[in-house]
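Written out below as structure tokens is the structure these notes cover.
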Amino acid sequence: MAGLVDGSADGFAEALDEGPVGRLAYPDAPISDVVDDYHGTLVADPYRPLEDTDSARSRAWIAAQNDLTERVLARLPARAAIRDRLTELWDHPRAGAPWRRGNRWFQLRNTGLQDQDVLWTAEAPDAEGRVLFDPNVLSEEGTTALGSIDVAESGGIVALALSHAGSDWRRWRVRDVETGEDLPDRVDWSKFTSAAWSPDETGFFYGCYPEPPPGAAYDAPNVNMELRYHRLGADPADDRVVFATPNHPDWGFEPEVSEDGRLLVVTVWRGTDQENRVYVADLGAGVEGAVVRPVLDAADADYTYVASIGRTLLLRTDKDAPLGRIVALDIDEPTTMRELVPERDEAIEEVRLVGGRLAVSYLHHAHSRLAIFELDGRHVGDAGLPGIGSILEMAGDRHDEDLFLTFATFVAPPVVLAVRMSDGVVRQARPPALPWDPDDYVTEQVFVTSADGTRVPMYLSHRRDLAPDGDVPTLLHGYGGFRIPQSPGFKAEWLAWMERGGLLAVASIRGGGEYGRAWHDGGRLEHKQNVFDDFAACLRWLAASGWTRPARIAISGRSNGGLLVGATITQHPELYGAAVAEVGVMDMLRFHRFTIGWGWTSDYGSPDDPDQFRTLRAYSPLHNVRPGVSYPATIVTTADHDDRVVPGHSFKFAAALQAAQAGDAPVIVRIETEAGHGEGKPVGKQIDERADVLAFLELTVGRPGTPGQPAAEA
């Protein structure tokens, strides 16, 4: 396999037959003379027309950008080879953690190159079983995905939420598990919520938004959610509204029914706020008599429902415990909270009640550790996990003997592990045959000192035979927001990068959840600049480490990580050679005006507030692009059906960067069709997209050949 090729602006120009040296000719973007007044500060928004992605001018610009990008990528010699190898790296069996309902087991599986995961059912967790629902047969393009699954307690019936073309919108349908036949029920306009079956299994609770006007589904503001109950066979238009808060249109609801069927537990959330509420309803008198009432209504901390024992809720919370603890709460005496597992020196990530014990996943310097506790809080012991990696999901209930989980590293995909709760013994279920040897790679963790002295973890992964020589092509990835940790995880594109002689660096910067609430708070609102400073510190560390130099470094990030990349492009274009900004939040003055964007003000603040406006304006990627600067080579990716971070963010930023670019490094845009923010993207589309990104990076930050590999193709 070829190694990383030599990157240069000349290479781009020659690939496009545009002469030996010179910048690309970019399509003209539609512009306007819009100027907004923010608290007395006038801010121009010349690319406002690109927010209307369906206008004729925008569609022409999108087509021209995709044409330019395809002309660039089609001529890159490594593109086809990378795509072929990515296909091989993707082509292995995958499975999620199995879970039991009644006497049946359920599991998501993929043979390797299936566009979407398939729901299986079996008589035992390790049995072959049969296909229960295959979304791949619903769309020739493979763009219909399973967004959510809720199996009734008996295991006899399942509610399935389907999404199309990557949208966050869900349509619920119902299937009989025994016969495999669909019931006629179809429930639309659900989003950001799961389903929960009533104890008699004649219907389910779910959250939904008002039906958008025709043609406005991808632009609709996500407000005024209602918690409803759908009775099987009924017209969804007649579904009973169980709970709604018209005085709080920005509240959302996550329903769960206790294992014994006695309680409906409703988590009440507002956007991405880490402080939430917990409400309950008694189901003893049936759904019709259920009245939702508050139990924890102060919104003073994060409360995550774990399980119920009678009328006692088990909760994970950061109330008076920034790293998290586990408490018990009697719903009839909610002012008294009894501590079960106290706060320790590591952040709690997830808790499950399995086999009468508590399985607690902790983050130890951004990688997973699993501890087992009795219900009285006594620490039984730790389960031995196979190396530095992450627990991605956990499954099991109070009466199961085993906890099932999936565990991944940077160099091996998720594997299913079973943990015997009686003694913590771990066994692996059906390890997949892989077209590479994970032992050929190594992962280490280093700590970087940020601008204010904060110690920031960063992972380094690479081929075992790769040595630092000051010139290794390096990919630095980050996120830094919404209390989402950046811990070890497997991506075929990352493995391909390492396989071809690159160094992978993943930074666990502030804004994430690696060290609990304080780490998150240190990277949000008025402290958001810390996120960018942490990332810049990692870039400087890499350049001084002996591994690489700025011209050989590329940066990448998605969504909030796309914002990270955008801000780093405008603040520190000198620290690296290429950037991959994917589905990013780039316009920090208008993000709250689209779909669920208002919900991100807990992390970003609101431009409607004068003080927060000044903070946002200072780092907003769109508003800090400066004409006359030589920006690094950049590829911006987005999708036309992204109804979370609307594509206008990426369109406006790319147009501004292209217009401002003073150097020869290319700035291109890759716009996926029939796709959204990323969830549910078909495997085929993922492979195509990742091959394009890697080919772009090889051309821009690569080098001829690498140790142990032949030179690049001519």
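Residues 859 to 1572 (my numbering) make up the sequence shown, in order. We put the CB at the ideal spot given by N, CA and C, even for glycine.
The alpha carbon of Phe1231 has as its nearest neighbour, out of Thr1194, Val1273, Ala1270, Val1185, the alpha carbon of Val1185.
Buried is the label assigned to Gly1339, since at least 16 other Cβ atoms lie within 10 Å of its Cβ.
Note that the C-beta distance between Asp1043 and Leu966 is not below 8 Å. DSSP, reduced to helix, strand and coil, places Asn1082 outside both helices and strands of the structure shown, so it counts as coil. The continuous alpha helix (DSSP H) containing Glu1556 extends over residues 1541-1559. According to the DSSP secondary-structure assignment, Gln1303 is paired through a beta bridge with Tyr1317. Taking C-beta atoms as the reference points, Trp1030 and Ser1021 fail to come closer than 8 Å. Counting along the chain, the unbroken alpha helix (DSSP H) around Trp1355 starts and ends at 1350-1357. Annotated as distal: Ala1376 and Met1279, with beta-carbon spacing of 8 Å or more. In this structure the stretch 1387-1404 lies against the stretch 1422-1429, because at least three pairs of beta carbons, one per stretch, are closer than 8 Å. Here DSSP, grouped into helix, strand and coil, assigns Ser1460 to helix. By the beta-carbon neighbour count (other beta carbons within 10 angstroms, threshold 16), Asn961 is exposed. For Asp1297, the closest alpha carbon among the candidates Ala1276, Ser1319, Leu1474 is that of Ser1319. Secondary structure of Val1364 (DSSP, three-state): strand. Closest by C-alpha distance to Val1123, out of Ser1219, Ala1354, Leu1172, is Leu1172. Per the DSSP secondary-structure output, Ser916 pairs with nothing in a beta bridge.
In this structure, DSSP gives Phe1511 a helical state, which the three-state scheme calls helix. At least 8 Å separates the beta-carbon of Tyr1064 from that of Asn1080. If you draw a straight line from the Cα of Thr1301 to the Cα of Trp1456, it comes to about 38 Å.
Asp1379: not part of any beta strand (DSSP E); member of the alpha helix (DSSP H) spanning 1374-1379, first to last residue. Only residues of its own chain outside the window of five on either side were considered, and among them Ala1354 have a CB closer than 6 Å to the CB of Arg943, listed in chain order. A straight-line Cα-Cα distance of about 8 Å links Tyr1373 and His1222. Phe991 is positioned such that its CB atom lies closer than 8 Å to that of Leu977.
If you ignore the 5 residues before and after Arg1169, its C-beta comes within less than 7 Å of the C-beta of Asp1188, Ile1189, Asp1190, all in its own chain and listed in chain order. Listed in chain order, the non-local C-beta contacts of Glu1204 below 8 Å within the same chain comprise Leu1181, Tyr1220, Leu1221, His1222, Arg1227, local neighbours out to five positions each way being set aside. By the Cβ test, the stretch 1488-1497 is in contact with the stretch 1521-1530, since at least three Cβ pairs between them sit closer than 8 Å. Between the beta-carbon of Leu931 and that of Phe1554 there is about 7 Å, and that keeps the pair under the 8 Å contact cut. Spatial neighbours of Arg1484 in its own chain (CB-CB distance under 8 Å, excluding positions within 5 residues in sequence) are listed in chain order as Thr1428, Ala1518. Between Leu1292 and the set Ala1270, Trp1458, Leu1018, Ile1246, the nearest pair of CA atoms involves Ala1270.
Comparing C-alpha distances from Thr1267 to each of Glu1207, Val1209, Pro1346, Arg1322 shows the shortest one belongs to Pro1346. Under the rule that a run must span 3 or more residues, the beta strand (DSSP E) segments found entirely inside the stretch 1236-1266 read 1237-1241, 1248-1253, 1260-1266.
In this structure Val1559 is in contact with Pro1331, their Cβ atoms being roughly 5 Å apart against a cut-off of 8 Å.
Counting the other Cβ atoms within 10 Å of the Cβ of Glu1259 gives fewer than 16, which makes it exposed. The three-state secondary structure of Arg1382, taken from DSSP, is coil. Of the candidates Leu1333, Gly1381, Arg1321, Arg1321 places its Cα closest to the Cα of Glu1357.
Per DSSP, Gln1429 is one residue of the alpha helix (DSSP H) stretching across 1418-1429.
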